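A.B. asks:
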Ligand SMILES: [Zn+2]
Ligand SMILES: [Zn+2]
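Residue numbers (the numbering used here): 1170 to 1454.
1. What alpha helix (DSSP H) runs, 4 residues minimum, are completely inside the segment 1299-1381?
2. Say the cut is 7 Å; is the CB of residue 1346 nearer than that to a heavy atom of ligand 2?
3. Between residue 1389 and residue 1370, what straight-line distance do the alpha-carbon atoms span, to the nearest angstrom?
4. Just verifying my parser: in three-state terms, what is the DSSP assignment at residue 1257?
5. Measuring alpha carbon to alpha carbon, tell me which of 1198, 1197 and 1181 ends up nearest residue 1190.
6. Going by C-alpha distance, which of 1406, 1363 and 1258 is nearest residue 1341?
7. Starting from residue 1392, follow its DSSP beta bridges and name the residues at the other end.
8. Taking the C-alpha atoms as reference points, what is the distance between residue 1242 and residue 1276?
9. Within 7 Å: the Cβ of residue 1438 and any heavy atom of ligand 2?
10. Whole angstroms is fine: what's the gap from residue 1238's alpha carbon to residue 1186's?
11. Report the rounded CA-to-CA distance for residue 1437 versus residue 1372, giving the unit in angstroms.
12. Can you tell me where the beta strand (DSSP E) with residue 1231 in it begins and where it stops?
13. Starting from residue 1177, trace the beta strand (DSSP E) both ways and give me its first and last residue.
14. On the premise that residue 1205 lies in contact with residue 1211, defined as a C-beta separation below 8 Å, what is that separation, rounded to the nearest angstrom?
15. Beta carbon of residue 1178, beta carbon of residue 1397: below 8 Å?
16. How far does the alpha helix (DSSP H) with residue 1430 in it extend, from its first residue to its last?
17. Which same chain residues end up closer than 8 Å to residue 1249 when comparing Cβ atoms and leaving out the 5 residues on each side of it in sequence?
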């Protein structure tokens, strides 16, 4: 056990949930004494609480891109933190446009927010949260923590990013959602942990048959916007990272495909420590 770790709170790819499914993407990064939330898919609030995080202590959140499986629960997380006693500032870094989501969320909840300010004496939530846009390059320097972004490939979105967090000589890289991007190996060079999205290509035909719309659009989307597990492993090897974790798993709920299938896809390309994501998995750094 170390003080620096990642918890994969939600590990399925895509926004839909069904009976028995895991949660969409969110992660907790504890680095240099800071708790950082990376992406806020459905389930992030419960995931943090289950992991022992006091929501009132939230201070730093990063969103990789504006797909709902990565930010749908950002507003509810912040609002719930507020009702749990949040009184200090929270900074949310996100791609351009996230400010519209936050303004819209606040507008949709204005009756409740105003009521709780008057009735319960809470500070104004609107004054506690700052949403800052970021793009490629240096994102933030907060004390000894530095954060950099690399534009990845996730069409049709353009403002979509991988993030690298560095503090105290340790680095963690999140790929975000991306097609196979060899340049990501340079961005992730020497990181202690790479958390990469992944799909299991052998399982895609069954997935498309199950949930597709009867044409080739879903398969086309998956192949041009996401990374196969073997390619994620290639990135890890080329980057020389300390460990590889896969999340944003596609598929995440096909009983025909198990951990052994993921392992088999990764093994020929990556021989270092490997973590197959599941909700609540803690990875020490
Ligand atoms: Zn996604
Ligand atoms: Zn996405």
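All C-beta atoms in this analysis are idealised placements derived from N, C-alpha and C, irrespective of residue type, glycine included. Given the structure is predicted, the values throughout are model-derived calculations rather than measurements.
C.D. replies: The relevant details are as follows:
1. 1353-1356 and 1373-1380
2. yes
3. 12 Å
4. In the three-state reduction of the DSSP assignment, residue 1257 falls in the coil class, being assigned neither a helical nor a strand state.
5. 1181
6. 1363
7. The secondary-structure analysis by DSSP pairs residue 1392 with nothing; it has no beta-bridge partner.
8. 16 Å
9. no
10. 10 Å
11. 18 Å
12. Note, residue 1231: beta strand (DSSP E), 1229-1231.
13. 1174-1179
14. No, residue 1211 and residue 1205 are not in contact; Cβ-Cβ is about 19 Å, not under 8 Å.
15. no
16. Counting along the chain, the alpha helix (DSSP H) containing residue 1430 begins and ends at 1428-1435.
17. 1214 and 1224
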